[in-house]
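Just so we're aligned: the sequence shown equals residues 1 to 84 in UniProt numbering.
The beta carbon of each residue, even a glycine, is placed where N, CA and C say it ideally should be.
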Amino acid sequence: MVYHLRLRKKGIVILPKEIREKLGVSENDILIADIKDGELILRPLKPKIVRVNPIVVEEILKDEGDKERRKEEFNKKKDSPSLQ
């Protein structure tokens, strides 16, 4: 189906409800605008769902926690008076 949309002040285009429903988008969703061969193509930005091994996630979180602890220890030593 072809839709005729009006360009309003500040470049605002209102998408009819039927288009929003077909695209599965709603207020504050992000759309990707692409121009190809002089035509505007709008498509919703859909986050990719990626399967991640939970063990890998645990290792990454542990490494980050270790880094934070080392930084805190370093800052404590740096800020404490030296024992001379």
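Next on the checklist: The beta strand (DSSP E) that contains Leu15, what's its start and end?
Outcome noted: For the purposes of this step, residue 15 is identified with residue 15 of the sequence shown, where counting begins at 1. Here Leu15 belongs to no beta strand (DSSP E), and DSSP marks it neither H nor E.
Item to check | Segment contact, 8 Å Cβ cut-off, at least three pairs: the region 23–31 with the region 49–57 | outcome: Three or more Cβ pairs closer than 8 Å define a contact, and the region 23–31 falls short of that threshold against the region 49–57.
Next on the checklist: Using only the alpha-carbon positions, how far apart do Lys36 and Arg20 sit?
Outcome noted: Looking up residue 36 in the sequence shown gives position 36. Looking up residue 20 in the sequence shown gives position 20. In this structure, the straight-line span from the alpha carbon of Lys36 to that of Arg20 is close to 22 Å.
Item to check | Cβ shell of Lys71 (< 8 Å), same chain only, five flanking positions each side left out | outcome: Position 71 of the sequence shown, counted from the first residue, corresponds to residue 71. Correct list: empty, nothing qualifies.
Checklist entry - Looking at the unbroken alpha helix (DSSP H) that takes in Lys36, where does it start and where does it end? => result Indexing the sequence shown from 1 puts residue 36 at position 36. Segment 31–36 is the beta strand (DSSP E) holding Lys36; no alpha helix (DSSP H) there.
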